[in-house]
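**Student:** Take a look at the following structure, please.
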Amino acid sequence: MIGSSVRLGSIWGVPIVLSGSWFLVAALITVTFAPSVESRVPGIGIGAYPVAFIFAVLLYASVFVHELGHVVVARLFGLPVGSITLSVFGGMSEIQQEPQTPWREFAVSAIGPIVSLLLGALGVVTLRTMALTGVVSVLVLQVTIANLFVGAFNLLPGLPLDGGRILRAAVWGIGRQRRRATVVAAWAGRVVAGLAVALPFITAALRGGEPDVVSVVWAAFIGALLWNAAGASLAALRREEVLPMITVDRFVRPCVVVPPRTPLAQALELLSRESAGGIVVSNARGEPVGVVSEAAVAAVPLQRRPWVDTESVMRTLTEQGRLVETLSGEELLQALQWGSDVEYLVLTTTGDIRGVISGRDIAAALSHKTGSLAR
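Remember, the numbering used here sits 111 above the position in the sequence shown when you count from 1.
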């Protein structure tokens, strides 16, 4: 159950997904909150646990409304939305396209915290104007506090939080440079992550005591999530910049073409003599039927290579193993359906053999170029 997910339905065509991890966090909230319910509602006894579980449900219902705010504004701007997912980390709206203007970025980002703060304000008004008692009073109070916290926390100015996107929109609008705005907001997110880790120690020092273990662990967990997510934003930015440079033409290697029964040692000798970078196996009609796997060649001992047919170390070609020389960027990455650890045949636009390309070369280039900014 923890690793699975449940589709709860859809709204405006957007699937609403409940991650299996939600049941874990719901159980944790129930166990943690039940003693508080028991202390505030005399005589409730074991009934405190169902009440605590209801709080967990109401909390995530509030998170859903928060995410729904993002979805509504995104759809108003014509941005595609894949799903709304509720998980151990809260909620996530899968907005599949970045807003194209600072104003749209601001509007899509700001609406979530605004919704949470409005729910919190509604709770405050309810508590002040209605004489609530017992279980209802406890639930309304805690949901109110939770919404005010969610709204305020998400306004912290650092990616990946909504406040970080608001900061990016502001810097983007002032400087007219989205890249610089993303870098500023991502590093602000790392500052927020560091402050989150330090918060229990700062609070304890102000009180003249020691931080409790639970607070330290939670702060470290949240800080690590924020730090990694901010780094992911930097890596994604660099990936956007690098993708146009990732082309088949840049990474294609010349190849040699041999019959299937060619001894591997002979094929490798031809490869070296021609200063080629790959071996393609062809049938009797000269049609390519496979690409020799570098990993499979490395697994064959030197003394056995004269007695091993080249076809035994090839990967049989399918449509997924053939790439056209004009591919580039995201289209090229999507075409690497065999994975990034194998070799592909590259064909010209007329169907002739151009060479081979290694998924490892492309993966290494992406990793090197995106990693330099994310560190």
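C-beta: ideal position from N, C-alpha, C; glycine also.
(1) Rounded to a whole number of angstroms, what is the C-alpha to C-alpha distance between VAL419 and VAL408?
(2) Give the DSSP-derived three-state secondary structure of ARG372 in the structure shown.
(3) How long is the line joining the alpha carbons of GLY450 and GLY470, rounded to whole angstroms?
(4) Put GLU178 into one of helix, strand or coil per three-state DSSP.
(5) I'd like to confirm something about GLY432: is its beta-carbon nearer than 7 Å to some heavy atom of the ligand MN, or not?
(6) Go to ILE468, then tell me how far its alpha helix (DSSP H) extends in each direction, as first and last residue.
(7) With a threshold of 6 Å on Cβ separation, who are the neighbours of SER173 within its own chain once the five nearest residues in sequence on each side are excluded?
(8) Helix, strand or coil for THR293? Go by DSSP, reduced to three states.
(9) Enumerate in chain order the residues of its own chain whose CB-to-CB distance from THR481 is below 7 Å, with the five nearest sequence positions on each side excluded.
(10) If distances are taken between C-alpha atoms only, which option among GLU149, SER116, ILE127 and SER147 comes closest to TRP133?
(11) Pick helix, strand or coil for SER383, following the three-state DSSP scheme.
(12) In terms of residue numbering, what span does the beta strand (DSSP E) encompassing GLY202 cover?
(13) Using DSSP bridges, identify the partner residues of LEU456.
(14) Buried or exposed: SER150, going by 16 or more other Cβ atoms within 10 Å of its Cβ?
(15) Which residue from PHE217, GLU216 and VAL328 puts its Cα closest to that of LEU310?
(16) So, at 8 Å on beta carbons, what are the nonlocal neighbours of PRO268 in its own chain, with the 5 sequence-adjacent residues on each side left out?
(17) Quick one: residues in its chain with C-beta nearer than 6 Å to the C-beta of ILE122, no 5 flanking neighbours on either side, listed in chain order?
(18) For the stretch 116 to 149, which segments carrying the alpha helix (DSSP H) assignment without a break, of at least 4 residues, lie completely within its bounds, in sequence order?
(19) Within a Cβ cutoff of 7 Å, which residues of the same chain sit near VAL453, ignoring the five residues on either side of it in sequence?
(20) List the endpoints of the continuous alpha helix (DSSP H) containing ARG279.
(21) Is GLY334 helix, strand or coil when you go by DSSP?
(22) Mapping DSSP to helix, strand and coil, what is ASP472?
(23) Under the rule that 16 or more other beta-carbon atoms within 10 Å means buried, what is ARG301, buried or exposed?
(24) Suppose the cutoff is 6 Å on Cβ atoms and the five residues either side in sequence are ignored; what does the same chain contact list for PRO371 look like?
(25) Measuring CA to CA, which of PHE200, VAL136 and ILE468 is closest to GLY432?
(26) Among TRP214, ARG287, ALA387 and LEU170, which residue has its Cα nearest to the Cα of LEU250?
(27) Which of the three DSSP states, helix, strand or coil, is assigned to VAL249?
(28) I'd like to know whether the C-beta atoms of ARG290 and VAL282 end up nearer to each other than 8 Å.
(29) Just verifying my parser: in three-state terms, what is the DSSP assignment at PRO210?
(30) Closest by CA to LEU179, which one among SER194, PRO322 and LEU444?
(31) Jot down the residue ranges of each uninterrupted alpha helix (DSSP H) in the stretch 303 to 361, minimum 4 residues, whole runs only, in chain order.
(32) Could you give the first and the last residue of the continuous beta strand (DSSP E) run that contains VAL392?
(33) For my contact list, PRO417 and PRO374 are in at a C-beta cut-off of 8 Å; report their separation, rounded to the angstrom.
(34) Check whether the stretch 231 to 246 touches the stretch 180 to 190, taking contact to mean three or more Cβ pairs, one atom from each stretch, closer than 8 Å.
(35) Exposed or buried, which one is GLU398 when buried takes at least 16 other CB atoms within 10 Å?
(36) Who are THR196's beta bridge partners in DSSP?
**Tutor:** The short version:
(1) 10 Å
(2) Reduced to three states, the DSSP call for ARG372 is coil.
(3) Rounded to whole angstroms, the separation of the alpha carbons of GLY470 and GLY450 is 7 Å.
(4) In the structure shown, GLU178 sits in a helix (DSSP, three-state: H, G or I).
(5) This structure lacks the ligand MN; in fact it carries no ligand of any kind.
(6) Premise fails: ILE468 lies in the beta strand (DSSP E), 464 to 469, not in any alpha helix (DSSP H).
(7) Excluding residues within five positions, the ones whose Cβ falls inside 6 Å are LEU230 and ASN258.
(8) helix
(9) Annotation note: pLDDT 49 at THR481 (below 50); position unreliable, coordinate value reported separately. ALA346, ARG349, ARG350 and VAL353.
(10) SER116
(11) helix
(12) 201 to 206 is the span of the beta strand (DSSP E), which, as asked, contains GLY202.
(13) ARG433 and VAL467
(14) exposed
(15) VAL328
(16) GLY274, GLY275, ILE277, LEU278, ALA296, ALA299 and VAL303
(17) none
(18) Entirely contained in the stretch 116 to 149, not one alpha helix (DSSP H) run reaches 4 residues.
(19) SER404, ARG426 and GLY470
(20) 273 to 286
(21) Assignment of GLY334 by DSSP, reduced to helix, strand and coil, places it in the helix class.
(22) helix
(23) buried
(24) VAL392 and GLU422
(25) ILE468
(26) LEU170
(27) helix
(28) no
(29) In the three-state scheme derived from DSSP, where H, G and I count as helix and E and B as strand, PRO210 is classed as coil.
(30) For LEU179, the closest alpha carbon among the candidates SER194, PRO322 and LEU444 is that of SER194.
(31) 324 to 353
(32) 389 to 393
(33) With a Cβ gap of about 5 Å, PRO417 and PRO374 count as contacting.
(34) no
(35) exposed
(36) VAL128 and MET203
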